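Enquirer: Residue numbers (the working numbering), protein chains in the order written: chain A, 1 to 456; chain B, 1001 to 1377.
Glycine included, every Cβ here is placed at the ideal spot set by N, Cα and C.
Note that the structure is predicted; figures quoted are calculated from it, not measured.
Just passing along the structure, written as structure tokens.
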Amino acid sequence: MTASHLSGHLPADHALSPAWQFKRFPAIGRMLADYPARDLWDTDFARLPAPLARQRLRAREFAERYLVPAAAELDLAPHAAAGTCHPLARSILAEAGRQGWLSYFLPRPLGSMAWRTLPYAPIWQSTLIVEEFSRACGGLMLLLSAHHLGVMPLVLGGDLGTILRFVAPVYRACERGDPHLVAFAITEPGAGSDAEDGHGASLYHPGVIATPTKGGYLLNGRKCYISGGDLAKTATVFAALQGEGMDSWTCFYVDCTAPGFRVARTELKMGMRASGAADLEFTDMFVPTDRIIGGLRNGWALNRATLNASRIPVASMAVGFARAATETAVEFARRYLLGGKALIHYQDVQLHLATMVAETRAMRSLVWQEARHAWRPRQLDASLCKFHATDRAQHVCEMAMDLLADHGVQHEQRVEKIFRDVRLTRIFEGTNQINRLSMMEDWQGQLLAPDRPVGV
Amino acid sequence: MYIEADDAKLLLAEVGRFARERIGSAVARPETPVDVFVLDALTREARELGILPQEGAGGGFGLWEGTDDAGGMALSLGILAHVGYANAGIAVAWHRSALARWLSAALGAPFDAEDLHATTLVPTGHFGLARTAAARWIKSADQSDEEVALLADWLDRTAHTTTVIAPSPWSTLFWPVWRDGLIAWQRADRSQLTVTRLDAQHGLDELAAFAVRAGAGASGTATPDAGASRAIFGQVLALDMIGLLAIATGAVTRGHEMARDFAALRTQGGVVIARHPAVQQMLSEIEIARRQAEAALDGFAKPIGDIDIGTVAAARAGTHPLLCHAANQVVQIHGGIGYMRDAGAEKIVRDVNMLKLMTGGTREAHAFVAGWTGTFA
Ligand SMILES: Cc1cc2nc3c(=O)[nH]c(=O)nc-3n(C[C@H](O)[C@H](O)[C@H](O)COP(=O)(O)OP(=O)(O)OC[C@H]3O[C@@H](n4cnc5c(N)ncnc54)[C@H](O)[C@@H]3O)c2cc1C
């Protein structure tokens, strides 16, 4: 039997329930007061421009059909040796490629972006997709998304020729169902935050060095924690020029099958386990000059522009995780009986869920607000979105685990995995401490301008 | 048997050595949890050393043996903090077994220490802490019908499954059941129960998670009289909550040391990261959480009869989330390496989260406190 109302609340047809009476208001009042009580996901869906809404729906369908059923198995699977890919993940990658999820940053015929979505910032499109994928499985989301990070320097730093020469074949292979993943490699054993923060970088002695040789450069050194680096066919690797500092950073587009490249190991991660984090080793690896992206010594700016483009999508991962945690908690509260009543009928449970929903929707509002305008994403906005959404999302995941209490520890209940997945978002793409500093760095012009009030 | 504070300190120094050296070396690889054989061997060693109750009728200084005395309580809390420092999973296994033994003695049917490592305990019902009802029941006989119904449902072991976290080969389970308005304790053989081993659990990797339901014929129930029933249930709950807090404090102490060591070595931004205010702030948050937890635990170093269950629940609700935050800051200070299973920091987060969610979790502890203090009509 379904209850007609929650405990402590009036049924919808009660004399003191306002909603049904709004429908009886005079025309103007009705126009201003009567509202459809839609599902919250649908509400936001209806607020999107139609082409983006369609994209969001497609992403959800893909995620529910392919990612959700594989999530638990891939999370529990034994650690795969570097370079191997679980057959389930491989088939999902192939299907994702065929459906265009690995090539959506450029319009057809170069990529899979539909022409009707062209008027909207690609980052906005990406946030919608990443949220849906994250909600389904953090690891598979990262497997599918780190690739876009790898491609980004090619798009931002290259001219049309670079795009035709390097990006288009990658996208074509993906769409054929033969995924060509691209990894993004900035982090080194000696530089995590120093690879994300200018002040730190200015004091760092680079670890991956490019030495000029005939027709190109020899790369030597090591990059670490590179998402998808174990499966990538190519990678955008940032290296300093021999004898110079970080201001000589240059982006090299490397072929991961070339001699001198080795995946030294993959990490045993807390969560997002369907995606590998690899140590990449370069030993006299030859990279021809024509695979320098964006010109010599332009790597640092290219890196920062890439991070500005990727941090809003990282914030949308947080929305996806918070949403998954909230939806799971809501389902649990609807289903689980205590004292003969579903938990959802208890007032404290309602308060708890209300806070979780509000947090999640506040995050989404922030992310969409910034993503909508992110044609040229500002560092301040991107970093703020990233650190705030991911911090709050972890809190929402903790609230979900708290609600499930003794049951929240079980892998079967999903929330503990969501927690392990969301935990990463506060560390990568710059720790949330570094993102706070990054926001301030970008703001300093206004903060230090004499005699000018600062608007917030 | 009573123990003086100075003697307790000496014994704890020994326990600390055992935890760091013996347990520490067995669990040196955080990504590879100890198996049941190692756990069993460590349990035997701990029993021989008197850290765990020894064979016979008790009267030693092992875990939860001296609960009528401040020194004995301090010793038990210290043991759990030390073992929790080395490994929270092992600490939970020992804590719950020793508590089961304490309970069986309180019920007048002590079991042999041989059974110790095969016996575990769950002190609560199938979900949470029965809102305000359990606290109010411990306090007085004045219960509404609704509260009685809630308690009966909370402790209905056939209608609901209960999550049990224990070493995988456990064979005996103590849990509270509802009998004629009183809380009785069932000592059930695993064979009497419907036990489903779950895929995995969030943390405490040395242990396993089970969904357990009583079979129709589960027997072996001890029902104390009304006064004893209330006192024993309140005390088991208090000891369990304090124990979990002590283990979490130990785990965070370990994390704190790891974070301090790492911050003193790792260079970013041209200096060791310990020099960045961002990192100093996180280290301070860990320190503050630890101090708060240690102060709470100090307050519980008194005879169990003098411990107020409302104060315990309040301390748990207030302090445990801080310990979880502190464990998270341990990871955050480590940056990327903190996320990796072979580095150890992320395990502390998972373990401390687990400890928070066990025994009803901390969210319902608020309702429990409200029930206990009676701040409602
Ligand atoms: C699973 C995973 C996937 C990743 N994927 C990729 C990838 O695909 N490509 C890639 O290039 N990198 C990747 N990374 C690397 C990631 O971006 C870094 O781990 C992150 O930037 C932090 O660097 P770190 O690990 O070296 O930590 P550290 O920089 O050593 O930081 C340690 C602590 O010090 C603090 N700190 C450091 N410097 C400062 C400062 N100047 N001021 C104040 N506080 C400071 C940090 O906030 C942190 O708390 C990944 C990491 C992980 C864990």
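In chain A, which residues lie with their C-beta within 9 Å of the C-beta of residue 1153 of chain B?
Expert: 337, 338, 339 and 340, listed in chain order.
Enquirer: Spatial neighbours of residue 1331 of chain B within its chain, please: CB distance less than 7 Å, with the 5 preceding and 5 following residues excluded, ordered by chain position.
Expert: Excluding positions up to five away in sequence, the list reads 1338, 1339, 1345, 1346 and 1349.
Enquirer: Please determine whether the Cβ atom of residue 185 of chain A lies at a distance below 6 Å from any heavy atom of ligand 1.
Expert: Yes, the beta carbon of residue 185 of chain A sits closer than 6 Å to at least one heavy atom of ligand 1.
Enquirer: Since I believe residue 1153 of chain B is in contact with residue 339 of chain A (beta carbons under 8 Å), could you give me their beta-carbon distance rounded to a whole number of angstroms?
Expert: About 5 Å separates the two Cβ atoms, so the contact holds.
Enquirer: So, do the region 48–55 of chain A and the region 375–386 of chain A have three or more beta carbon pairs nearer to each other than 8 Å?
Expert: The answer is no - the region 375–386 of chain A does not touch the region 48–55 of chain A, with fewer than three Cβ pairs under 8 Å.
Enquirer: In chain order, which continuous runs of the beta strand (DSSP E) of length 3 or greater are located wholly inside the region 1271–1345 of chain B?
Expert: DSSP runs (the beta strand (DSSP E)) wholly in the region 1271–1345 of chain B: none.
Enquirer: Can you grab the Cα-Cα spacing for the pair residue 1052 of chain B / residue 1046 of chain B, in whole Å?
Expert: So the alpha carbons of these two residues sit roughly 6 Å apart.
Enquirer: Look at the alpha carbon of residue 178 of chain A and the alpha carbon of residue 104 of chain A, and state the distance between them as a whole number of angstroms.
Expert: C-alpha separation (whole angstroms): 16 Å.
Enquirer: Between the C-alpha atoms of residue 1257 of chain B and residue 112 of chain A, what's the straight-line distance to the nearest angstrom?
Expert: So the two alpha carbons sit approximately 50 Å from each other.
Enquirer: In or out: residue 199 of chain A buried (at least 16 other Cβ within 10 Å) or exposed?
Expert: With fewer than 16 other Cβ atoms within 10 Å, it is exposed.
Enquirer: Helix or strand or just coil, what does DSSP make of residue 141 of chain A?
Expert: Residue state, collapsed to three classes: helix.
Enquirer: Are there 16 or more other CB atoms within 10 angstroms of the CB of residue 1277 of chain B, so buried, or fewer, so exposed?
Expert: Under this definition residue 1277 of chain B is an exposed residue.
Enquirer: Roughly how many whole angstroms lie between the Cα atoms of residue 194 of chain A and residue 1266 of chain B?
Expert: Going from the Cα of residue 194 of chain A to the Cα of residue 1266 of chain B covers about 12 Å.
Enquirer: Would you tell me roughly how many angstroms separate the C-alpha atoms of residue 1377 of chain B and residue 1136 of chain B, rounded to the nearest one?
Expert: For residue 1377 of chain B, the pLDDT reaches just 48, beneath the cut-off of 50, and the residue's location in the model is therefore unreliable, leaving the point undetermined.
Enquirer: Among the candidates B:1179, B:1080, B:1262 and B:1171, whose CA atom is the shortest distance from the CA of residue 1192 of chain B?
Expert: That would be B:1171, whose Cα lies nearest to the Cα of residue 1192 of chain B.
Enquirer: Can you name, in chain order, every residue of its own chain whose Cβ lies under 6 Å from the Cβ of residue 359 of chain A, other than the five neighbours on each side?
Expert: Counting only Cβ-Cβ distances below 6 Å, and skipping sequence neighbours, we find 392 and 396.
Enquirer: Taking only three categories from DSSP, how would you classify residue 1358 of chain B?
Expert: Here residue 1358 of chain B sits in coil by DSSP.
Enquirer: Considering only DSSP beta bridges, list what residue 410 of chain A is partnered with.
Expert: DSSP, once it has assigned bridges, lists B:1201 as partnering residue 410 of chain A.
Enquirer: Once DSSP output is grouped into helix, strand and coil, what is the label at residue 171 of chain A?
Expert: In the structure shown, residue 171 of chain A sits in a helix (DSSP, three-state: H, G or I).
Enquirer: For ligand 1, is there a heavy atom less than 6 Å away from the beta-carbon of residue 1273 of chain B?
Expert: Indeed, a heavy atom of ligand 1 lies less than 6 Å from the Cβ.
Enquirer: Three-state secondary structure (DSSP) at residue 385 of chain A?
Expert: DSSP places residue 385 of chain A in helix when its eight states are reduced to three.
Enquirer: Please report the straight-line C-alpha distance between residue 12 of chain A and residue 41 of chain A, rounded to a whole angstrom.
Expert: So the two alpha carbons sit approximately 22 Å from each other.
Enquirer: Thinking C-alpha only, which one of A:352, A:311, A:74 and A:130 is nearest residue 272 of chain A?
Expert: Cα-wise, what sits closest to residue 272 of chain A is A:74.
Enquirer: May I ask you to report which of helix, strand or coil DSSP gives residue 179 of chain A?
Expert: It is coil, neither helix nor strand.
Enquirer: Please tell me whether, using a cut-off of 6 Å, the distance from the CB of residue 1266 of chain B to the nearest non-hydrogen atom of ligand 1 is below it.
Expert: Under cutoff, so the answer is yes.
Enquirer: Suppose you measure from the CA of residue 1157 of chain B to the CA of residue 1212 of chain B; what does that come to, to the nearest Å?
Expert: Going from the Cα of residue 1157 of chain B to the Cα of residue 1212 of chain B covers about 8 Å.
Enquirer: Since I believe residue 1290 of chain B is in contact with residue 1252 of chain B (beta carbons under 8 Å), could you give me their beta-carbon distance rounded to a whole number of angstroms?
Expert: Going by Cβ atoms, the distance from residue 1252 of chain B to residue 1290 of chain B rounds to 6 Å, so yes, they are a contact pair.
Enquirer: Residue 63 of chain A and residue 132 of chain A: beta carbons closer than 7 Å?
Expert: It is a contact, given that the beta carbons lie within the stated cut-off.
Enquirer: Taking the DSSP output, what are the residues bridged to residue 269 of chain A?
Expert: DSSP lists B:1340 as partners of residue 269 of chain A.
Enquirer: So, is residue 31 of chain A buried or exposed, given that buried needs 16 or more other C-beta atoms within 10 angstroms?
Expert: The residue is exposed, with fewer than 16 neighbouring Cβ atoms inside 10 Å.
Enquirer: For residue 1323 of chain B, collect the residues of the same chain with a Cβ closer than 7 Å to its Cβ; drop the 5 residues on either side in sequence, then sort them by chain order.
Expert: Only 1248, 1249, 1252, 1289, 1293 and 1352 meet the Cβ criterion.
Enquirer: Could you say if the region 238–253 of chain A and the region 291–301 of chain A meet the contact criterion of at least three C-beta pairs nearer than 8 Å?
Expert: Yes, the region 238–253 of chain A touches the region 291–301 of chain A.
Enquirer: Of all the CB atoms in chain A, is at least one closer than 7 Å to the CB of residue 1354 of chain B?
Expert: For residue 1354 of chain B, the answer is yes, since a Cβ of chain A falls inside 7 Å of its Cβ.
Enquirer: Could you check whether the region 411–423 of chain A touches the region 1189–1206 of chain B, counting it as contact only if at least three pairs of C-beta atoms, one from each stretch, sit closer than 8 Å?
Expert: A contact exists between the region 411–423 of chain A and the region 1189–1206 of chain B.
Enquirer: With hydrogens ignored, establish whether the beta-carbon of residue 428 of chain A is closer than 6 Å to any heavy atom of ligand 1.
Expert: Checking every heavy atom of ligand 1 against the Cβ of residue 428 of chain A, one is found closer than 6 Å.
Enquirer: Looking only at its own chain, which residues have a Cβ that is under 8 Å from the Cβ of residue 265 of chain A, when we skip the five neighbours before and after it?
Expert: Cβ within range, chain order: 82, 278 and 279.
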